[in-house]
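A.B. asks:
In our numbering, the protein residues as written are 146 to 270.
1. Which residues bound the alpha helix (DSSP H) around residue 149?
2. Below 8 Å on the Cβ atoms is my guess for residue 205 versus residue 186; work out the distance and round it to an integer in Å.
3. Which value, in whole angstroms, describes the spacing of the CA atoms of residue 232 and residue 208?
4. Take the Cβ of residue 225 as the centre, count every other Cβ of all protein chains shown within 10 Å, and call the residue buried at 16 or more, exposed below.
5. Using 10 angstroms around the beta-carbon of residue 188, count the other beta-carbons present and answer buried if the total reaches 16, otherwise exposed.
6. Check each candidate in 235, 156 and 161 and name the one with the smallest Cα separation from residue 193.
7. In terms of DSSP beta bridges, what is residue 217 paired with?
8. Out of 180, 151 and 147, which one is the CA nearest neighbour of residue 239?
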């Protein structure tokens, strides 16, 4: 399975946070490849710069590949797919993750119940 993880899952995995469930860890371990979207790095950068998140975005981005994740850039096809999404979720970063998962296609690992409404590609973390 090819897997995209949402921003929370990425942060929890990188920090060893106990909020990352055993089920989520199993899904990630069994995946053929685990992607982190550029949208997640962008979201972390914005929230950290506003003081809403205590994270070193430079360190996270630098260690992404070392931690076993692959980068997923945002393409015009991903950006266009956001237009066609119903408005189950107002967060633009989460909407981009859904669009990326549906376009590629990738399974999307998330703890966000609003994302589960979009697609059967979403996996509950």
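Cβ coordinates follow ideal geometry from the N, Cα and C atoms, glycine included.
C.D. replies: Checking against the coordinates, here is how it stands:
1. For residue 149, there is no enclosing alpha helix (DSSP H); the residue is part of the beta strand (DSSP E) that begins and ends at 147–150.
2. About 7 Å separates the Cβ atoms of residue 205 and residue 186, confirming a contact at the 8 Å cut-off.
3. Distance between the alpha carbons of residue 232 and residue 208 is about 33 Å.
4. Exposed, by the Cβ-count rule.
5. So residue 188 ends up on the buried side.
6. The option with the nearest alpha carbon to residue 193 is 156.
7. In the DSSP output, where bridge partners are listed per residue, residue 217 has 182.
8. Among 180, 151 and 147, the Cα nearest to that of residue 239 is on 151.
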